[in-house]
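This report concerns only the one structure given below.
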Amino acid sequence: MIKLYIGLDVHKASTSIGLAAADGSEPAYYGKCSSTLRSTEETLKRILKRHGVEQAEVRLCYEAGPCGFVLVRRLLRLGYDICVIAPSLTPKAPGERVKTDRRDALKLARLLRAGELVVVHVPEANDEAIRDVGRARTDAVDDLRRARFRLGAFLLRNGHGWTGKARWGATHMSYLRGLSLETPAHKLVLEEYLLAIDDAEARVARFEQHLESLLAAWDRAPWARSIQGFRGFRLVGSMIVSSELGDLTRFDHPRQLMGFVGLVPGEDSSGTRRRQGSITKCGNSHARWMLIEAAGSYRLPPRVSPELSKRQAGLSKAVRAVSWRAQNRLHKRYHRLKRRGLHENKIKVAIARELLGFLWELAHIVRAEESGCDQRAPSAEFSQASVAPSVGSKKAGALRPRPRPMVATPEYPSESCSPAELSSVCSDALSNHQEETQNKDKKQYNA
0 MIKLYIGLDV HKASTSIGLA AADGSEPAYY GKCSSTLRST EETLKRILKR
50 HGVEQAEVRL CYEAGPCGFV LVRRLLRLGY DICVIAPSLT PKAPGERVKT
100 DRRDALKLAR LLRAGELVVV HVPEANDEAI RDVGRARTDA VDDLRRARFR
150 LGAFLLRNGH GWTGKARWGA THMSYLRGLS LETPAHKLVL EEYLLAIDDA
200 EARVARFEQH LESLLAAWDR APWARSIQGF RGFRLVGSMI VSSELGDLTR
250 FDHPRQLMGF VGLVPGEDSS GTRRRQGSIT KCGNSHARWM LIEAAGSYRL
300 PPRVSPELSK RQAGLSKAVR AVSWRAQNRL HKRYHRLKRR GLHENKIKVA
350 IARELLGFLW ELAHIVRAEE SGCDQRAPSA EFSQASVAPS VGSKKAGALR
400 PRPRPMVATP EYPSESCSPA ELSSVCSDAL SNHQEETQNK DKKQYNA
């Protein structure tokens with residue numbers, strides 16, 4: 000039984016601590032301590048001793064932020080009941096104008112006791128390490144793009160604009176290295192810009208080599224290789240998506256995953272008025288960017304190219320079937336939206352949203368293949384109450400699976416199911432969502 004709730008307002012140098020007793024009394028401010036792990040551990044021990052409670056009778060929380068998940072992993076290893084909450088979903092009064100570390104700590108303790116906070120998913124340490132490598136590679140690509148832009152602007156300013164077709168290819172780089180400028184100062188600037196481009200390209204190549212070597216020892220390697228069986232995903236894209244999103248089987252329904260990534264439209268409805276706006280853009284922006292980039296490849300007709308066939312070598316029949324079904328479905332939807340006159344970017348977002356549904360199905364297939372189908376498949380029937388709201392809901396982060404029946408039913412296959420049968424069950428749940436979307440498109444088109 001929980002007797003004491005502790006809210007931690009964690010910052011770079013200090014941590015403010017608020018305490019709320021389970022009897023409903025007014026929260027009390029304990030004070031500040033250093034944000035180092037050792038200082039936080041010693042402070043928590045003093046709090047337990049002062050209030051006469053055991054470690055199992057305490058629950059802690061702090062907001063997700065720049066300090067990462069080091070603290071929560073350390074306290075979980077020590078046996079504390081601690082969670083990380085989403086700061087954007089923390090309730091806030093309209094007239095609340097004063098914000099201090101003391102008030103924040105007391106507010107966290109009070110809302111934790113009331114159960115009004117939304118818990119975020121804490122990634123595995125290995126997943127976070129791979130994620131950092133993927134983000135560092137993206138930073139290197141940004142540096143390369145900026146270096147190229149600076150060189151192009153410098154040459155254009157001095158009357159040496161490139162008139163060829165392909166920029167930054169072998170022909171263009173050969174032209175730049177043989178370019179002769181008038182003054183020695185301009186020659187010096189040109190050489191420095193070329194060196195910066197060479198260094199950035201080498202950094203990008205090194206990070207891609209690191210990702211390839213890390214994939215072999217990663218526990219999510221089967222999941223990442225299965226994503227490469229989809230069109231639009233190679234080594235970098237598959238590892239970024241798998242490391243950023245983690246285990247997709249923790250979501251009960253594809254709609255939860257779509258809302259988690261922020262690809263669902265925002266909504267402002269009241270009474271009989273229903274108004275939807277742009278996508279929420281909440282959640283993981285890096286994964287959302289990669290999914291939208293991959294969605295552009297589904298404008299092309301369905302085809303298993305030699306390169307895609309090479310990536311699919313060694314994958315199961317069920318995985319290849321989902322990949323082919325995704326190509327056909329998403330290609331048709333892409334051009335259906337194109338005929339309606341939608342903007343290209345809106346089409347890519349819609350395709351990326353449905354692509355997540357196929358990845359959710361793929362995750363269940365891979366999990367079943369890894370465990371020999373020891374885990375029960377998700378239900379093919381989902382009620383509206385079981386689907387977490389995608390925008391502004393306190394239940395959006397509650398992604399715990401519902402209890403499964405202990406016996407096999409038509410909705411829950413038995414443990415002896417094959418991956419192909421599991422694919423059929425998962426596809427039924429996904430097709431329900433796709434049919435609803437298609438019917439909605441038809442109504443909007445007829446209107």
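Mind the numbering: the sequence shown is residues 0 to 446 in numbering that gives the first Met the number 0, read in order.
Note that CB positions come from ideal geometry on N, CA and C, so glycine has one too.
Buried or exposed by the 16-neighbour rule on C-beta atoms within 10 Å, applied to residue i
| i | result |
| --- | --- |
| Gly-67 | exposed |
| Ile-5 | buried |
| Pro-253 | buried |
| Ile-1 | exposed |
| His-363 | buried |
| Ser-322 | buried |
| Ser-15 | buried |
| Leu-3 | buried |
| Asp-8 | buried |
| Phe-148 | exposed |
| Thr-170 | exposed |
| Tyr-61 | buried |
| Tyr-174 | exposed |
| Phe-206 | buried |
| Ala-395 | Only weak support exists for where Ala-395 lies, its pLDDT of 38 falling under 50; the coordinates are left without a value. |
| Asp-138 | exposed |
| Pro-26 | buried |
| Ala-146 | buried |
| Leu-307 | buried |
| Arg-401 | The predicted position of Arg-401 is uncertain, since its pLDDT is 38 and thus under 50; a value taken from the coordinates is nonetheless stated next. Classification of Arg-401: exposed, given that the 10 Å Cβ count is below 16. |
| Thr-182 | exposed |
| Ala-397 | Because Ala-397 sits at a pLDDT of 39, beneath the cut-off of 50, its placement in the model cannot be relied upon, and the following sentence gives the value as read from the coordinates. Exposed, by the Cβ-count rule. |
Identity of the residue in the options nearest residue i by Cα
| i | options | result |
| --- | --- | --- |
| Gly-231 | Ala-317, Ser-33, Trp-288 | Trp-288 |
| Leu-36 | Val-57, Ser-13, Arg-58, Leu-18 | Ser-13 |
| Gly-17 | Val-318, Gly-23, Tyr-29, Lys-11 | Tyr-29 |
| Asp-267 | Val-260, Gln-275, Gly-261 | Gln-275 |
| Glu-200 | Thr-99, Leu-189, Leu-256, Asp-141 | Asp-141 |
| Phe-259 | Glu-243, Ala-312, Leu-150 | Glu-243 |
| Leu-290 | Ile-346, Ala-216, Asp-131 | Ile-346 |
| Gly-313 | Arg-298, Val-365, Asn-157 | Val-365 |
| Ile-350 | Thr-42, Asp-22, Thr-89, Leu-262 | Leu-262 |
| Ala-113 | Ala-135, Arg-58, Tyr-79, Ala-63 | Arg-58 |
| Leu-88 | Leu-70, Leu-110, Leu-74 | Leu-110 |
| Val-83 | Gln-311, Pro-122, Pro-93, Ser-225 | Pro-122 |
| Lys-106 | His-50, Ser-315, Ala-92 | Ala-92 |
| Ser-38 | Ala-19, Ala-21, Leu-74, His-334 | Leu-74 |
| Gly-177 | Arg-166, Glu-190, Arg-144, Lys-48 | Glu-190 |
| His-330 | Ala-19, Pro-86, Ala-215, Arg-298 | Arg-298 |
| Ile-129 | Gly-236, Ile-196, Lys-44 | Gly-236 |
Range covered by the beta strand (DSSP E) that runs through residue i
| i | result |
| --- | --- |
| Ile-81 | 80-84 |
| Asp-8 | 3-9 |
| Leu-247 | Neither: Leu-247 is in no beta strand (DSSP E) and is coded neither H nor E. |
| Gly-356 | Note, Gly-356: premise wrong, no beta strand (DSSP E); alpha helix (DSSP H) at 343-370. |
| Leu-59 | 57-62 |
Terminal residues of the alpha helix (DSSP H) in which residue i lies
| i | result |
| --- | --- |
| Gln-275 | Note, Gln-275: premise wrong, no alpha helix (DSSP H); beta strand (DSSP E) at 275-278. |
| Lys-309 | 305-310 |
| Asn-327 | 316-338 |
| Thr-511 | No information on residue 511 is available, as it lies outside the stretch 0 to 446 that the chain covers here. |
| Arg-109 | 100-113 |
| Leu-77 | Here Leu-77 belongs to no alpha helix (DSSP H), and DSSP marks it neither H nor E. |
| Ala-286 | 284-294 |
One or two residues paired with residue i in a DSSP bridge
| i | result |
| --- | --- |
| Pro-264 | Ile-278 |
| Lys-31 | Ser-15 |
| Ser-269 | Arg-272 |
| Ala-20 | Leu-3 |
| Val-119 | Val-119 is not bridged to any residue. |
Length at least 4, wholly inside the stretch 141-226: the alpha helix (DSSP H) runs in chain order: If we require 4 residues or more, the alpha helix (DSSP H) runs fully inside the stretch 141-226 come out as 169-176, 183-215, 220-226.
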